[in-house]
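Working notes for the structure below.
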Amino acid sequence: RLYREQGEITKHHYTQTVDLPEVLLAKLNAMNISETRYKESWSRLRDGGYKLRLDALPFQAAKAASEITSDYRYKEAFERMKGQMLGSRGLEDDLSLAHAVHATSLQSG
183 RLYREQGEIT
193 KHHYTQTVDL
203 PEVLLAKLNA
213 MNISETRYKE
223 SWSRLRDGGY
233 KLRLDALPFQ
243 AAKAASEITS
253 DYRYKEAFER
263 MKGQMLGSRG
273 LEDDLSLAHA
283 VHATSLQSG
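To get our numbering, take the position in the sequence shown, counting from 1, and add 182.
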């Protein structure tokens with residue numbers, strides 16, 4: 183029992199040298215293994231907010247897809263309208279053309 187007490191007393195009176203390479207390496211490893219240090223950069227990024235830039239690749243792709251869809255729909259509507267003008271014999275048969283001529287005459291007259 184006395185032997186153990188003497189060992190405990192000696193163990194608790196030990197003063198560690200601060201600048202030993204092993205101690206510095208142990209501190210560095212403790213920082214690298216630390217869970218809070220691991221999550222620190224993510225929490226800084228998250229707290230800083232997210233900035234949406236309009237020149238980001240997903241936005242450019244969405245804009246290009248929208249333009250392609252718009253062109254396709256325009257051409258499809260144009261193809262549907264192309265054959266409708268062939269059957270009209272004059273101004274009276276086509277209401278939109280008659281309206282345009284009437285509006286022009288009102289503006290110029």
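For every residue, glycine included, the Cβ atom is placed at its ideal position computed from N, Cα and C.
Considering only their Cβ atoms, is the gap separating residue 197 from residue 205 smaller than 8 Å?
In this structure, residue 197 does not lie closer than 8 Å to residue 205 by Cβ.
Work out the CA separation of residue 283 and residue 276 for me, nearest whole Å.
The alpha-carbon atoms of residue 276 and residue 283 are separated by roughly 11 Å.
So within the segment 204-271, which uninterrupted alpha helix (DSSP H) runs reach at least 4 residues, ignoring any that extend past its ends?
Listed in chain order, they are 217-230, 239-264.
Given this structure, state the Cα-to-Cα distance separating residue 220 from residue 214, to the nearest angstrom.
When rounded, the distance between both Cα atoms is 7 Å.
Under three-state DSSP, which class holds residue 198?
Residue 198: coil per DSSP, three-state reduction.
For residue 230 and residue 264, I'd like the C-alpha separation in whole angstroms.
Those two C-alpha atoms are separated by around 55 Å.
Just verifying my parser: in three-state terms, what is the DSSP assignment at residue 186?
In this structure, residue 186 counts as helix in the three-state DSSP scheme.
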